[in-house]
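Asks: Read in order, the letters of the sequence shown are residues 2 to 529 in my numbering.
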Amino acid sequence: PQGCAAPTASLVGYWTLDDCYSPVVTNGVGMMSDGPKVGDVYHAAGYVGQAAYFDGDQDHIDLRDTAYTQGPQDAISYSLWVFPTNAEGNREVIIRRVEPAGASVGIFLTNLTPEIYLGGLAGSQYHLADSTLPLNTWSHLGVTYGDGALRVYRNGTLILNRDNLIGALNFSPDGKHALGGNPNGSRSFSGRLDEVRIFNEALFSTTMASEASRVSSSPADCGNLAEGAWLFDDCASPTVIDSLGNHGGTIVGATRGMGYRGAGMSFDGVNDYINLGSDAGLNLSDEFTISMWVNTTQNTRGTLLIKNPQAGSFSYAVQLDNGVPLLALGNGVNNPGPFSAAVNVADGTWYHLAWTFARGTVTTYVDGVAQSSTSGITGSVLPNNGSAVWLGWRNNFKPGRAYQGLMDEVRIWTNELSATDIASLAGADQSSSDCSGGRPALGTEYVQELPQFEVFPNPTQGAFTVRVQNGSSHFLSVTNLLGQEVYQQQIDASQPEHTVYLENAKPGVYLVRIQTGDRQYQQRLVIE
Numbered sequence: 002p003q004g005c006a007a008p009t010a011s012l013v014g015y016w017t018l019d020d021c022y023s024p025v026v027t028n029g030v031g032m033m034s035d036g037p038k039v040g041d042v043y044h045a046a047g048y049v050g051q052a053a054y055f056d057g058d059q060d061h062i063d064l065r066d067t068a069y070t071q072g073p074q075d076a077i078s079y080s081l082w083v084f085p086t087n088a089e090g091n092r093e094v095i096i097r098r099v100e101p102a103g104a105s106v107g108i109f110l111t112n113l114t115p116e117i118y119l120g121g122l123a124g125s126q127y128h129l130a131d132s133t134l135p136l137n138t139w140s141h142l143g144v145t146y147g148d149g150a151l152r153v154y155r156n157g158t159l160i161l162n163r164d165n166l167i168g169a170l171n172f173s174p175d176g177k178h179a180l181g182g183n184p185n186g187s188r189s190f191s192g193r194l195d196e197v198r199i200f201n202e203a204l205f206s207t208t209m210a211s212e213a214s215r216v217s218s219s220p221a222d223c224g225n226l227a228e229g230a231w232l233f234d235d236c237a238s239p240t241v242i243d244s245l246g247n248h249g250g251t252i253v254g255a256t257r258g259m260g261y262r263g264a265g266m267s268f269d270g271v272n273d274y275i276n277l278g279s280d281a282g283l284n285l286s287d288e289f290t291i292s293m294w295v296n297t298t299q300n301t302r303g304t305l306l307i308k309n310p311q312a313g314s315f316s317y318a319v320q321l322d323n324g325v326p327l328l329a330l331g332n333g334v335n336n337p338g339p340f341s342a343a344v345n346v347a348d349g350t351w352y353h354l355a356w357t358f359a360r361g362t363v364t365t366y367v368d369g370v371a372q373s374s375t376s377g378i379t380g381s382v383l384p385n386n387g388s389a390v391w392l393g394w395r396n397n398f399k400p401g402r403a404y405q406g407l408m409d410e411v412r413i414w415t416n417e418l419s420a421t422d423i424a425s426l427a428g429a430d431q432s433s434s435d436c437s438g439g440r441p442a443l444g445t446e447y448v449q450e451l452p453q454f455e456v457f458p459n460p461t462q463g464a465f466t467v468r469v470q471n472g473s474s475h476f477l478s479v480t481n482l483l484g485q486e487v488y489q490q491q492i493d494a495s496q497p498e499h500t501v502y503l504e505n506a507k508p509g510v511y512l513v514r515i516q517t518g519d520r521q522y523q524q525r526l527v528i529e
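1. Count the other C-beta atoms from every protein chain shown that fall within 10 angstroms of the C-beta of LYS308, then say buried if there are 16 or more, exposed otherwise.
2. With a cut-off of 8 Å, do at least 3 Cβ pairs link the stretch 309–316 to the stretch 381–398?
3. Per DSSP, what kind of secondary structure is ILE423 in: helix, strand or coil?
4. Thinking C-alpha only, which one of SER11, GLU455, ILE528, THR415 is nearest THR290?
5. Can you give me the C-alpha to C-alpha distance between ARG92 and GLY278, rounded to a whole angstrom?
6. If you count every other CB in all the chains shown that lies within 10 Å of the CB of THR365, and 16 or more means buried, which is it?
7. Since GLU417 is in the alpha helix (DSSP H), which residue starts that stretch and which ends it?
8. Tell me the rounded alpha-carbon separation between LEU232 and ASP368.
9. Inspect the beta-carbon positions of LEU113 and THR133 and report whether they are closer than 7 Å.
10. Name the DSSP bridge partner or partners of TRP231?
11. Starting from the C-beta of ALA427, find all residues in its chain whose C-beta is less than 6 Å away, skip the five residues before and the five after it, and write them out in chain order.
12. Just how far apart, CA to CA, sit GLN496 and ILE515?
13. Any idea what DSSP makes of GLN74, helix, strand or coil?
14. For ASN284 and LEU142, what's the separation of their Cα atoms in angstroms?
15. Provide the residue span of the beta strand (DSSP E) that contains MET209, from first to last.
16. According to DSSP, which residues form a beta bridge with GLN489?
17. Less than 7 Å separating the beta-carbons of ALA424 and GLY484?
18. If you draw a straight line from the C-alpha of ASP56 to the C-alpha of ALA88, how long is it?
19. For the stretch 8–43, list the beta strand (DSSP E) runs that are entirely contained and at least 3 residues long, ordered along the chain.
20. Under 7 Å, do GLU498 and THR466 count as touching if we go by C-beta distance?
21. Where do the N-terminal and C-terminal ends of the beta strand (DSSP E) with HIS128 fall, by residue?
22. Just how far apart, CA to CA, sit VAL479 and LEU512?
23. Sort LEU170, HIS475, HIS61 by Cα distance to ARG188 and report the nearest one.
24. Could you tell me the boundaries of the beta strand (DSSP E) in which ASP60 lies?
25. Can you check the stretch 261–302 for any beta strand (DSSP E) of at least 3 residues that lies completely inside it and give the ranges in chain order?
26. Touching or not, the stretch 61–80 and the stretch 219–239, by the rule of three or more beta carbon pairs under 8 Å?
27. Measure the Cβ-Cβ separation of VAL382 and LEU305 and say whether it is below 7 Å.
28. Do the CB positions of SER105 and GLY176 come within less than 7 Å of each other?
29. Mind checking who PRO115 pairs with in its DSSP beta bridge?
30. My output table needs one value for TYR404: the three-state DSSP class, helix, strand or coil.
31. Leaving aside the five residues before and after SER1 along the sequence, list all residues of the same chain whose C-beta is less than 8 Å from its C-beta, in chain order.
32. Under a three-way DSSP split, which group does GLN534 fall into?
33. Shortest alpha-carbon distance to ALA227 belongs to which of GLU417, GLY36, GLY29, LEU166?
34. Could you check how far apart the C-beta atoms of VAL510 and ARG525 are, in whole angstroms? I think they sit under 8 Å.
35. How should THR379 be labelled, buried or exposed, when 16 other C-beta atoms within 10 angstroms of its C-beta is the threshold for buried?
36. Identify the residues that DSSP records as bridge partners of GLY192: which are they?
If you want it as structure tokens, here you go:
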């Protein structure tokens, strides 16, 4: 072993756990297989970037790290960041080695106290540390074993010291580690884990202290996966344009009308609808968010948005029932709903509606406030491949199911937005107008790369240049897909190029708009 920085030669596994929307986690060392997430593992802000989040209910990650053995004298070390959320856990698994036969190494948390299990050694195999980890706080946890000596460190400080342990660890090349719980679903961890590193060497105390200071706290959430954004400000277009360029819509009967922000769409409650198409991106599954603004006095049934059924196969749908907003998940799940908000919105004023589905839970929001939540849902929403998504009606043309009222700012994400994000959407300032005037309409060409309007580089890390060569002054604005304006600037005609620096911008899609005279143009910007 050596002091100071940890030796890279003995680093046999390294998982940053920044794999937000992937079904697996990636090992940054060697050629080992990616590790699948089992159960409802998802990602939240970590100590560095993102972390794996475990809810304490039958979750774990199978690391599949079978391509190495220990060092001499059974040497092995673990370095990771831990954020516990359960003060009364009973040997919750942080990480453990799973062997074909017999128990192996395990790191547990009991009432916030680290507890180490050394399978194969003589005598008592559980070793409880002398100090606890703080609740709801990040701590670095280091564990080393080799030549009969066990050491445990919290934030680089020794909290357990055992010597003269006898026996050989049960640790074979056919074993593998499980993170956050046992493979059988027991002893599940509650909290977050980040920056997991394994060494086949017993690191010195100075080296483990270096591991605790190797990275600085820089948490970041995963950002949101926007699939579609129909803002209905494209007044001059015969179709509705998806601001992300993914799913343009065909207007059937519906007309341009007043919106909550700018223009919106008006539906007559008889036979109006908008067909958003049947692209696979609209096949929602076990995690998504739908949001929109509505203004109606309809106290009957009205379809707001639906993935149309196929014979007896039903997918997702949001609608009003006697003025109450609800979501149905179809027959691909054990509890299809409908899930209602128990709030009547049919009073002729604007309401923001949103639904999230993730980790088996549906939450319904009205004006940014969670009105209902239902858990314990298993299964996935059926894709109904080839069926189109409609706004305002359903494809069996059933009388009494068409929506009557105004609709604006429809958005779909393929991940769960946080309650804070939903509140941001609902908190957008009202700036209603219609296509007869007021807020300038977006041109039909606004999603194209106009010669006089360029945004580069795109994608970007946060700094980009806007070039406008039409010889006139213009107003530049940048908004995120929550409708929040993150930048604005009046640009003089003498400045054909303007560089924008978006500090601390979250990764995701942004909309860059220029307004010149009575026209607006827009391009999509991706920040990585």
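Idealized CB from N, CA, C, for every residue including glycine.
Values in this document were obtained by computation on a predicted structure and should not be read as measured data.
Replies: From the atom records:
1. By the neighbour-count rule (16 or more Cβ atoms within 10 Å), LYS308 is buried.
2. yes
3. helix
4. Residue THR415 is the option with its Cα nearest to THR290.
5. 50 Å
6. Around the C-beta of THR365, 16 or more other C-beta atoms lie within 10 Å, and the residue is accordingly described as buried.
7. Element bounds for GLU417: n/a, residue is neither H nor E.
8. Using only the alpha carbons, I get a separation of about 18 Å.
9. yes
10. Paired residue(s): ASP243, VAL411.
11. HIS353, ASP368, GLY369
12. 14 Å
13. Note: GLN74 maps to helix in three-state DSSP.
14. 41 Å
15. Per DSSP, MET209 belongs to no beta strand (DSSP E); it is in the alpha helix (DSSP H), 206–213.
16. SER478
17. Cβ distance not < 7 Å, so ALA424 and GLY484 don't count as in contact.
18. Rounded to whole angstroms, the gap between the alpha carbons of ASP56 and ALA88 is 13 Å.
19. 12–16, 36–39
20. Yes, they are a contact pair.
21. Per DSSP, HIS128 belongs to the beta strand (DSSP E) from 127–129.
22. 6 Å
23. Looking at the Cα atoms, HIS61 is the closest of the given residues.
24. Premise fails: ASP60 is in no beta strand (DSSP E) and is neither H nor E.
25. 262–269, 274–276, 289–296
26. no
27. Contact: no.
28. yes
29. LEU110
30. coil
31. The structure shown does not extend to residue 1, since the chain is modelled only from 2 through 529, so no value can be given for it.
32. Because the chain is modelled from 2 through 529, residue 534 falls outside the range shown and cannot be assessed.
33. GLU417
34. 6 Å
35. exposed
36. PHE55, PRO85, per the DSSP bridge assignment.
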